[in-house]
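Peer 1: Residue numbers (my numbering), protein chains in the order written: chain A, 249 to 347; chain U, 774 to 1233.
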Amino acid sequence: MQQPWLNPPGTEPKRGVADDFSPATATMNWRLAGLVLAVVWLILLAGRSEAIVDAAYGLPVAPGTETIIAVADAWNDALSAIGIPQALGAVRETLATGR
Amino acid sequence: MLFPTGIFAIFFGAVFLGHWTLVRVRPSLDRWFLLAANLVFYAFWSVEFCAALIAVGLWTWGVGLVAARGRSRPALWVGVAGALGWLFYFKYANFFLQEIVARLGFPAPLLDVVLPVGISFYCFQAISYMVDVHANDAEVETNPLNVLVYLTFFPHLAAGPIVRAAHFLPQLAVPPDRFRIPVAMAGILILGGLFKKMVIANELATGIVDPVFRDPTAYGAWDIVLACYGYTIQIFCDFSAYSDMAIGFAALLGFHFPKNFDQPFRAVSLADFWRRWHISLSTWLRDYLYIRTLGGNRRGEARTRFNLMATMVLGGIWHGANWTFLLWGAIHGAALAVERMLGGRAQPRTKGAIFLRWFITFHVVMLAFVLFRAPNLGIVASLAAGLAGGLPSEAVTWRLTALAALGLAIHFLPPDLRERIEERLRRLPPAVLGTVMGLALLAILLAGPEGVAPFIYFQF
């Protein structure tokens, strides 16, 4: 591995040696990249609903805090109704084996 | 604001949307937006130090203008001294007062100094900018906004990598390419970093390293052995995780950072180790301290050995005002000098020789890291005494041992593994790629302990 921009000025990069500045192959435009991030976000929102409720209750008292707590609670209740937090809790317990 | 937290996820989502929207509709405002985002990121630690950060940035820009292209060497010296003075005050004022002034019998008040997060990293970047524009190795920047964005760019602000001006500033000269965002590469780096930090580093820290280094007298010999190996793995998984995530987040915003770690624990010599560990710092020390200031290897063998030792000791002290850091640097400096004397730069040929060289190198690095981790030399003595003590080893578990082994094993994966995975992921539609990444992220969060410990290098 070489990083040609760290070489002394005027030094040519070595031939045949990979560097980490090679053009990345799997690129996409910003809209598609945004779509990828949005899906990641949705999965996080679903998988961390209990943590979101905890975070909402930890917010300082301010206008809008109650609404945020109500939305977080409703979101977590909806997911609990279909068993997602429970299933993830079981996975967490399994992954904690030996801790 | 730590990377693996919900607040950062919200922050980054907003920056991603704002940045790419501005790149598309009003590119001229994008750098102002990035600067604002950088300051918001930093303000989560300290609003007051945001002003100081801007002051250092403007100082750097001003000195660059005056000292550019070989002009005004005194201005360069004043500029570098200013940045170093800023760094020294926060990092070494109390050490100087307590260890030197007080021992000489003078009154030495204990100053209430809080170390600003990332101070070493942005000061080193500031110095490299001033020196490089003076030496004409980088173009002088006439627009202060660009220098401010360069120094404060949030992915590298808290713990590097140290990005050179010649590498980063040209990236600000044109708007990033919104049609070629390396999402798969960034995703692999961020998820890989999260795995190293959340699953390996955090668990080793809480499970064995922190308790043993806090009170070694309460632990048995095998606990101490695992804590020493465990810390070596922990610091790699912690620090390289931050670097990988920083590179990934910068890539999602269209910027390239240099690679900072290259499987360092597969090194077969100390020189090889320093070409793979914290590459942006080791090349910084090489270029600005070892070569430019001390003269490198051009003044004879004895002077070269002295220069190696001086560079490593100063590199050690850079981590903080503590004798343990000084000794850590001295061990590396001495080992590099001995290695040079023994002709250790020649590559070993047989498998046995390769293994022997790897074994010695890894253990020198590991033993030096024990000094690096210990809060004082008394703890080091307790660790050594504990190895011979008869206490039972009850903290060692198969899980912690397996995690430490895993942290070492990842060094022996193919060096182009990321590219191979990237090649597979490129065929997936964006929604599927997002699902794969989201599920992987969730699995990592479930596998690690609750909560996020700060990254080790934030304290430097």
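We put the beta carbon where it would ideally sit given N, CA and C, even for glycine.
Quickly, what does DSSP pair Ile954/U with across the bridge? List them, please.
Peer 2: Taking the first residue of the second sequence as position 1, residue 954/U is located at position 181. Looking at the DSSP assignment, Ile954/U forms a beta bridge with Met276/A.
Peer 1: Would you mind working out which of Val1209/U, Ala1154/U, Leu1173/U, Trp859/U sits nearest Val829/U, comparing C-alpha positions?
Peer 2: Within the second sequence, the letter at position 56 stands for residue 829/U. Taking only the C-alpha atoms, the option nearest Val829/U is Trp859/U.
Peer 1: What are the start and end residues of the alpha helix (DSSP H) that includes Ser1155/U?
Peer 2: Residue mapping note: residue 1155/U aligns to position 382 of the second sequence, counting from 1. 1150-1161 is the extent of the alpha helix (DSSP H) around Ser1155/U.
Peer 1: Just to confirm, are Val319/A and Val956/U a CB contact at a threshold of 8 Å?
Peer 2: Position 71 of the first sequence, counted from the start, is the residue given in the question as residue 319/A. Position 183 of the second sequence, counted from the start, is the residue given in the question as residue 956/U. For Val319/A and Val956/U, no; Cβs fall outside 8 Å.
Peer 1: Check Trp253/A in the structure and name its three-state DSSP category.
Peer 2: On the first sequence, position 5 is the one that residue 253/A refers to. Bear in mind that the predicted position of Trp253/A carries a pLDDT of just 49, short of 50, making it unreliable; the figure below should be weighed with that in mind. DSSP places Trp253/A in helix when its eight states are reduced to three.
Peer 1: Any idea if Val1138/U is buried or exposed, counting beta-carbon neighbours within 10 angstroms, 16 or more meaning buried?
Peer 2: Numbered from 1 along the second sequence, position 365 holds the residue referred to as residue 1138/U. Label assigned to Val1138/U: buried.
Peer 1: I'd like to know whether the C-beta of Leu285/A is nearer than 8 Å to at least one C-beta of chain U.
Peer 2: Stepping through the first sequence from its first residue, residue 285/A is reached at position 37. Output row for Leu285/A: interface = yes.
Peer 1: Alpha carbon to alpha carbon, how far is Gly1106/U from Ala1177/U? Give it in angstroms, no decimals.
Peer 2: Within the second sequence, numbered from 1, the residue matching residue 1177/U stands at position 404. Within the second sequence, numbered from 1, the residue matching residue 1106/U stands at position 333. C-alpha separation (whole angstroms): 27 Å.
Peer 1: Among Leu280/A, Glu314/A, Gly331/A, Gly312/A, which has the Cα closest to the Cα of Ala294/A?
Peer 2: Taking the first sequence and counting its residues from 1, one reaches residue 294/A at position 46. Out of Leu280/A, Glu314/A, Gly331/A, Gly312/A, Gly331/A has the C-alpha closest to the C-alpha of Ala294/A.
Peer 1: With DSSP run on the structure shown, which of helix, strand or coil describes Arg1122/U?
Peer 2: Position 349 of the second sequence, counting from 1, holds the residue named residue 1122/U. Coil.
Peer 1: To the nearest angstrom, how far is the alpha carbon of Leu280/A from that of Thr1084/U?
Peer 2: Working through the first sequence from its first residue, we reach residue 280/A at position 32. Working through the second sequence from its first residue, we reach residue 1084/U at position 311. Between Leu280/A and Thr1084/U, the C-alpha separation is close to 47 Å.
Peer 1: Give me the subset of the region 1199-1216 of chain U whose CB atoms are less than 7 Å from a CB atom of chain A, sorted by chain position.
Peer 2: The region 1199-1216 of chain U vs chain A, Cβ under 7 Å: Arg1199, Pro1203, Ala1204, Leu1206, Gly1207, Thr1208, Met1210, Gly1211, Leu1212, Leu1214, Leu1215.
Peer 1: Would Thr1170/U count as contacting chain A if we go by Cβ distances under 8 Å?
Peer 2: As a position in the second sequence, residue 1170/U is number 397, starting the count at 1. Judged by the 8 Å Cβ criterion, Thr1170/U is in contact with chain A.
Peer 1: Within 10 angstroms of its Cβ, does Arg804/U collect 16 or more other Cβ (buried), or is it exposed?
Peer 2: In the second sequence, residue 804/U corresponds to position 31, counting from 1. Looking at its Cβ environment, which holds 16 or more other Cβ atoms inside 10 Å, Arg804/U is buried.
Peer 1: Excluding sequence positions up to five away, which residues of its chain have a Cβ less than 7 Å from the Cβ of Trp1091/U?
Peer 2: Looking up residue 1091/U in the second sequence gives position 318. Excluding positions up to five away in sequence, the list reads Ser893.
Peer 1: By the three-class DSSP mapping on this structure, what secondary structure does Pro271/A have?
Peer 2: The residue labelled residue 271/A in the question sits at position 23 within the first sequence. For Pro271/A, the predicted structure reports a pLDDT of 49, less than 50, and the residue's modelled location is therefore unreliable. The matter cannot be settled from this model.
Peer 1: Using a Cβ-Cβ cut-off of 7 Å (strictly less than) and excluding sequence neighbours within five positions of Pro271/A, which residues of its own chain qualify?
Peer 2: Locating residue 271/A in the first sequence gives position 23, where the first residue counts as 1. Residue placement at Pro271/A is flagged as unreliable, the pLDDT there being 49, under the threshold of 50; the coordinate-derived value follows with that caveat. None.
Peer 1: Any Cβ of chain A within less than 8 Å of the Cβ of Arg1071/U?
Peer 2: Counting from one through the second sequence, the residue named residue 1071/U turns up at place 298. Output row for Arg1071/U: interface = no.
Peer 1: Please report the straight-line C-alpha distance between Ala824/U and Ile316/A, rounded to a whole angstrom.
Peer 2: Walking along the second sequence from the start, residue 824/U turns up at place 51. Walking along the first sequence from the start, residue 316/A turns up at place 68. If I take the Cα positions, the gap works out to 32 Å.
Peer 1: Determine, for Ile317/A, whether the minimum Cβ-Cβ distance to residues of chain U falls below 8 Å.
Peer 2: Working through the first sequence from its first residue, we reach residue 317/A at position 69. It does not; no Cβ of chain U falls within 8 Å.
Peer 1: Can you grab the Cα-Cα spacing for the pair Arg799/U / Phe806/U, in whole Å?
Peer 2: For the purposes of this step, residue 799/U is identified with residue 26 of the second sequence, where counting begins at 1. For the purposes of this step, residue 806/U is identified with residue 33 of the second sequence, where counting begins at 1. Approximately 11 Å, taken between the alpha carbons.
Peer 1: At a CB-CB cut-off below 7 Å, which residues of chain U make contact with Asn324/A?
Peer 2: Locating residue 324/A in the first sequence gives position 76, counting from the first residue. Chain U residues near Asn324/A: none, gap ~14 Å exceeds 7 Å.
Peer 1: Among Asn975/U, Ala1023/U, Gly980/U, which residue has its Cα nearest to the Cα of Asp1011/U?
Peer 2: Locating residue 1011/U in the second sequence gives position 238, counting from the first residue. Of Asn975/U, Ala1023/U, Gly980/U, the residue nearest in Cα terms is Asn975/U.
Peer 1: Just verifying my parser: in three-state terms, what is the DSSP assignment at Pro333/A?
Peer 2: For the purposes of this step, residue 333/A is identified with residue 85 of the first sequence, where counting begins at 1. Pro333/A falls in the helix class under three-state DSSP.
Peer 1: Between which two residues does the alpha helix (DSSP H) holding Phe894/U run?
Peer 2: Position 121 of the second sequence holds residue 894/U. Its alpha helix (DSSP H) spans residues 892-907.
Peer 1: Which residue from Leu857/U, Trp1050/U, Gly1027/U puts its Cα closest to that of Ala899/U?
Peer 2: In the second sequence, the residue the question calls residue 899/U occupies position 126. Among Leu857/U, Trp1050/U, Gly1027/U, the Cα nearest to that of Ala899/U is on Leu857/U.
Peer 1: Identify which residue in Thr1134/U, Ala810/U, Ala782/U has its Cα closest to the Cα of Ala1040/U.
Peer 2: Along the second sequence, one-based indexing puts residue 1040/U at 267. Of the candidates Thr1134/U, Ala810/U, Ala782/U, the one whose C-alpha sits nearest the C-alpha of Ala1040/U is Thr1134/U.
Peer 1: Could you tell me the boundaries of the alpha helix (DSSP H) in which Tyr1004/U lies?
Peer 2: Looking up residue 1004/U in the second sequence gives position 231. Note, Tyr1004/U: alpha helix (DSSP H), 994-1025.
Peer 1: Find the residues of chain A that neighbour Gly1224/U, judging by a C-beta separation of less than 8 Å, and give them in chain order.
Peer 2: The residue given as residue 1224/U occupies position 451 in the second sequence. Correct list: empty, because the minimum Cβ distance to chain A is about 11 Å.
Peer 1: Give me the Cα-Cα distance between Gly1102/U and Asp325/A, rounded to the nearest whole angstrom.
Peer 2: Reading the second sequence from its first residue, position 329 is the one you call residue 1102/U. Reading the first sequence from its first residue, position 77 is the one you call residue 325/A. Those two C-alpha atoms are separated by around 55 Å.
Peer 1: At a CB-CB cut-off below 9 Å, which residues of chain A make contact with Leu921/U?
Peer 2: Locating residue 921/U in the second sequence gives position 148, counting from the first residue. Near Leu921/U there are no residues of chain A at all, since even the closest Cβ is about 21 Å away, more than 9 Å.
Peer 1: Ends of the alpha helix (DSSP H) at Pro308/A?
Peer 2: Taking the first residue of the first sequence as 1, we reach residue 308/A at position 60. Where Pro308/A is concerned, there is no enclosing alpha helix (DSSP H), given that its DSSP letter is neither H nor E.
Peer 1: By DSSP, does Ser297/A sit in helix, in strand, or in coil?
Peer 2: Residue numbering aside, residue 297/A sits at position 49 when the first sequence is read from its first letter. Ser297/A: helix per DSSP, three-state reduction.
Peer 1: For Phe927/U, collect the residues of the same chain with a Cβ closer than 7 Å to its Cβ; drop the 5 residues on either side in sequence, then sort them by chain order.
Peer 2: As a position in the second sequence, residue 927/U is number 154, starting the count at 1. Once the five neighbours on either side are set aside, the close Cβ partners of Phe927/U are Ala810, Asn811, Phe814.
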